[in-house]
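Let me begin by presenting the structure, written as structure tokens, before commenting on it.
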Amino acid sequence: MGESVNVQARLRAAVGAVAVIAILFQAMAVVVPEGQAVLVTRFGRPLRAATSSGLHWKLPWPIDQAVTLDMRRRIYETGHTEMLTRDKKNVIARTFVVWRIADPILFVQSLGTGSGADGKLDGLLTNAAIGTLGGHDLSALVSTNPGDLQVDQIEKELLASAQSTARQNYGVALDQVRLERIALPEENVMAVLQQMRAERRQFAAKYDAEGEREASRIRSEADLEAARIVAKGAEEEARIRGASSAQVAKIYATAHRVNPELYKFTRSLESLDRLVTSSTSLILRTDSEPFSVLQQKP
Amino acid sequence: MRRQGPPSEIRRLATPIARVVDAAWQRMHWWIALMVMLYALSGITVVRSDEIAVVQRWGRLVGATPALQEHGPGLLFAFPRPIDRVIRVQARRIAEVTITALNDQAPSQGETGYYATLDPLMQGYALTGDQNVVHTQMVARYRIRDVAEWAFYGPPSDDVVRVEVSAAMVRSLGEMGVDRVLSDGRKDLIALAARRAQAGLDAAHAGIELTSLELTRLAPPAAAAFEFEAVQSAYISADTKKKEAQAYAEMVIPQAQARANARVQAAEAETAANLAAANGDASAFAALEREYRANPAVVRERLYRDAIDRALNVAKVRWIPPPTGGRYSGLRIILSSPAAGPTRARAAEQDAEKESEEN
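Line order of the protein sequences matches chains A and B.
The numbers in the working numbering rise by one with no breaks, and the one at position 150 of the first sequence is 150.
The numbers in the working numbering rise by one with no breaks, and the one at position 160 of the second sequence is 160.
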């Protein structure tokens with residue numbers, strides 16, 4: 001019986017201790033997760049910011065209160081803003097910024113815990129964009145000449161221009177400012193479209209002319225090459241015929257040299273064969289050979 | 001011996017709680033033990049095959065490096081809440097974002113799509129390096145590369161991918177000419193924009209890897225579409241003309257080669273024939289000469305008579321009587337055309353006969 005009472009007493013003490021510890025832990029412990037910060041206020045006055053993750057402590061309510069802040073990076077996109085470049089061209093730009101809370105106390109004091117940062121950043125970035133782009137030509141933003149482009153430089157200037165104000169006034173760190181869009185005012189786009197159409201028509205005419213020219217060149221070259229080939233063939237033919245004639249002449253000369261008189265005689269007879277054809281008319285006297293044979297006695 | 005005094009106020013207040021605890025323990029001690037055990041084991045987590053898990057202990061990430069922080073599929077032993085918190089992420093899943101900020105609705109069928117201008121606030125477009133206008137729509141696919149960075153430090157994934165890819169595309173288009181962009185430069189454009197977008201994501205500590213970037217639309221504005229198509233047609237037409245000319249060249253040159261070859265071959269054939277004939281003639285002449293040397297008069301006479309015979313056989317021969325007194329008087333011979341020939345020739349013969357009779 002006495003042992004049972006002892007167990008009960010120890011159990012009661014353990015349950016009581018656990019309950020007290022749990023209540024104290026709940027009231028005083030502040031768990032700061034990764035990517036978040038906790039701002040501890042004492043009677044409403046910011047006391048300290050717990051920015052490192054882990055277990056932190058505070059006095060129980062109502063003395064201290066913990067306000068959790070999201071320390072992750074966030075994106076803010078500005079509106080479209082029309083501005084003038086250094087070469088007096090109107091351009092519409094839109095930027096975005098990657099930002100995070102760098103000083104939780106200053107952030108809460110200047111902007112609260114809600115989305116008050118958006119409006120401040122919009123003004124800050126728009127102002128920076130107007131100032132920065134005013135110092136550069138339009139070709140620094142869009143150009144086919146790599147030497148003209150200065151987008152990296154412009155984005156660095158934008159970041160530098162807004163960075164210090166954001167940090168000092170709002171406790172906000174800007175990690176990145178980039179140009180999300182570059183456009184032209186509506187009235188300028190009309191001129192650009194007209195220019196594009198004119199340029200396309202010019203290109204079409206150019207392609208047409210180039211096609212004609214190239215086709216003509218190919219045909220002419222082909223004709224020339226063909227003529228050259230035929231001429232070369234004719235030359236070769238003449239050479240072969242010439243060599244052949246020389247060789248034939250040599251054969252005949254070698255043969256006829258043995259008896260030029262006989263050659264002359266046979267050649268005369270051959271000429272006669274060639275000259276006398278079916279259309280040749282010969283007028284002979286009846287007393288000439290071979291007709292005269294009929295009149296001669298044996 | 002302890003003196004039993006009156007119960008204190010605390011004891012008096014604690015008595016009902018103690019009774020509840022006692023009663024609960026007596027009736028449900030097994031259940032309570034089971035609940036405590038289940039709580040102790042509640043930190044054990046199953047990480048599925050497509051997941052990666054990280055553990056936060058009192059809010060702090062466990063592990064100094066990504067390799068130690070990230071836990072792959074399987075059982076993960078952790079303490080119960082609020083000590084540990086296990087965050088599971090579908091890190092191998094490919095997410096997709098469609099970026100329409102630089103696009104304008106393509107004209108539907110039946111619409112002319114001809115706008116005199118474009119309102120930059122209502123109609124998305126980008127400027128090329130030669131200050132022309134193009135519309136583009138993209139699809140970016142990404143996955144989580146660094147779970148801790150993505151979960152605890154990075155900006156919202158879809159938003160950061162959308163703005164970084166848009167900015168990268170605006171910049172990349174801004175340094176290329178419209179002709180290159182719309183023709184052979186498309187691949188370079190995508191590669192350049194993807195590289196820049198990834199650099200931006202890294203600078204934003206997004207913990208994201210861009211796996212692919214696709215252009216689902218890249219087109220000139222509707223107002224200039226007809227002219228762009230005309231250029232395309234002209235280009236194709238010019239190419240066709242060139243190909244036709246090349247076909248002509250491919251026909252003409254072999255034909256010329258064939259003609260030249262034919263002439264050369266004909267000359268060679270003729271040469272062979274001439275040489276053969278010359279050799280034959282030379283041999284014949286040599287044989288004749290041998291005979292001639294033995295009997296010159298006979299051979300000469302035979303050759304002469306053979307030639308005369310051949311001539312008389314071939315030609316038209318007109319015989320006339322020998323002249324009287326050494327000369328012809330009034331002899332008239334008419335050699336006419338083949339049509340009238342025989343008649344007139346006969347007339348000539350008759351004239352000659354008549355004259356002979358008179359004489």
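For each residue, glycine too, the CB sits at the ideal point set by N, CA and C.
Cβ-Cβ distances below 7 Å link Q163/A to L174 in the same chain, with the five nearest sequence neighbours on each side left out; the list follows chain order. Excluding the 5 residues flanking it on each side, A126/B has same chain C-beta neighbours closer than 7 Å at L102, V134, T136, M169, V170 and L173, in chain order. Around the beta-carbon of F77/B, fewer than 16 other beta-carbon atoms lie within 10 Å, marking it exposed. Spatial neighbours of A245/B in its own chain (CB-CB distance under 8 Å, excluding positions within 5 residues in sequence) are not present.
Pairing I75/A with E82/A gives a Cβ-Cβ distance that is not under 9 Å. DSSP, read as helix, strand or coil, puts E70/B in coil. Under the Cβ criterion of 9 Å, N259/A is counted among the residues facing chain B. Burial state of R290/B is exposed, judged by a 10 Å Cβ sphere holding fewer than 16 other Cβ atoms. Contact note: R145/B does not reach chain A at a C-beta cutoff of 9 Å; the least C-beta distance is about 16 Å. Around the CB of H71/B, 16 or more other CB atoms lie within 10 Å, so the residue is classed as buried. Contact annotation: G59/B and S53/A have beta-carbon atoms nearer than 9 Å.
Nearest C-alpha to A37/A among E261/A, A102/A, P60/A and V18/A: A102/A. According to the DSSP secondary-structure assignment, W150/B is paired through a beta bridge with no residue.
Among the residues of chain B, those whose CB is under 8 Å from the CB of P146/A are E175, following chain order.
Counting along the chain, the unbroken alpha helix (DSSP H) around V36/B starts and ends at E9 to L41. Chain B has a Cβ within less than 9 Å of the Cβ of P185/A.
Judged by pairs of C-beta atoms under 8 Å, the segment 39-47 of chain B does not touch the segment 23-32 of chain A, as fewer than three such pairs exist.
Between V178/B and chain A, the shortest Cβ-Cβ separation is below 9 Å.
Cβ contact annotation for R145/B (same chain, cutoff 7 Å, sequence separation greater than five): G207, I208 and E209, in chain order. Interface annotation for the segment 290-306 of chain B against chain A: Y292, R293, P296, V299, R300, L303, Y304, R305 and D306, criterion Cβ-Cβ distance under 9 Å. The alpha-carbon separation between F228/B and Q265/B amounts to approximately 55 Å. Non-local C-beta neighbours of A14/B in its own chain, meaning closer than 8 Å and more than five positions away in sequence, are absent. In the structure shown, Q137/B adopts extended strand secondary structure according to DSSP, grouped into three states.
Residue pairing for S212/B: DSSP places it in a beta bridge opposite R141/B. Nearest to L111/A by C-alpha distance, out of T144/A, R86/A, L125/A and V172/A, is V172/A. Inter-segment contact for the segment 216-231 of chain A and the segment 143-160 of chain B is absent: fewer than three beta-carbon pairs are separated by less than 8 Å. The three-state secondary structure of H136/A, taken from DSSP, is coil. In the structure shown, K58/A adopts coil according to DSSP, grouped into three states. No Cβ-Cβ contact shorter than 9 Å links A294/B with T277/A.
Counting along the chain, Y76/A sits inside the beta strand (DSSP E) bounded by residues R74 to E77. For R86/A against R181/A, the beta-carbon gap comes to about 20 Å, at or over 8 Å, which does not count as contact.
Not a single CB atom of chain A sits nearer than 9 Å to the CB of T216/B.
Cβ proximity to chain A below 8 Å picks out A148, A151, F152, Y153, G154, P155, P156, D159, V160, V163, E164, S166, A167 and V170 from the segment 142-170 of chain B. Here the segment 46-56 of chain B does not lie against the segment 22-38 of chain B, with fewer than 3 beta-carbon pairs under 8 Å apart. If you keep only unbroken alpha helix (DSSP H) runs of at least 4 residues inside the segment 150-190 of chain A, you get 151-170. Assignment of alpha helix (DSSP H) within the segment 150-185 of chain B, counting only whole runs of 4 or more residues, yields 157-173 and 178-182 in chain order.
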